[in-house]
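Numbering of the sequence shown is given in the numbering used here, commencing with residue 1 and proceeding in unit increments. Cβ atoms here follow ideal geometry from the backbone N, Cα and C, with glycine treated the same way. The structure presented is a predicted model; accordingly, all values stated were derived computationally and were not measured.
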Amino acid sequence: MGDNHIDLIVAGEYAAPEDVAALLHLDLAQPIVVVLQHSETTAPYDSYDQMKATLLAVAASGIQAVMVTCALMLVMAASFKRSRSSL
């Protein structure tokens with residue numbers, strides 16, 4: 001149980017903040033919100049409304065945000081592998 005991505009973090013196998021910021025067009029001098037949401041599994045039909053409320057709140061904050069999704073994890077993993085292979 002748990003998140004095996006934590007093992008990579010503990011091992012120091014992650015991209016530099018500057019590389020991630022460049023890939024995602026983030027300004028490291030400004031606050032960043034990381035959005036990670038798992039819908040309530042006992043109410044699957046409410047997941048759209050739950051996510052919509054979250055995204056509207058994040059957008060209203062005016063703070064740059066990163067939405068963590070499976071697709072983003074794949075992009076980051078591919079980018080990390082490319083950068084490691086060029087070392």
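**Prompt:** Can you give, in chain order, each stretch of the beta strand (DSSP E) that sits fully within the region 6-66 and has at least 3 residues?
**Reply:** 32-35
**Prompt:** Residues in its own chain within less than 8 Å of residue 49 by CB, not counting five upstream and five downstream?
**Reply:** On the sequence shown, position 49 is the one that residue 49 refers to. Result list for residue 49: empty, nothing under 8 Å.
**Asked** Considering only C-alpha positions, which residue in the set 58, 60, 36 is nearest to residue 69?
**Response** Your numbering for residue 69 matches position 69 in the sequence shown. It is 36 whose Cα lies nearest to the Cα of residue 69.
**Asked** In whole angstroms, what is the alpha-carbon distance linking residue 173 and residue 33?
**Response** In this structure the chain extends from 1 to 87, so residue 173 is not present and cannot be described.
**Message:** Output needed for residue 26: all residues of its chain with C-beta closer than 8 Å, excluding positions within five of it in sequence on either side, in chain order.
**Reply:** Residue 26 sits at position 26 when you count from the first residue of the sequence shown. Excluding sequence neighbours, residue 26 sits near 20, 32, 64, 66.
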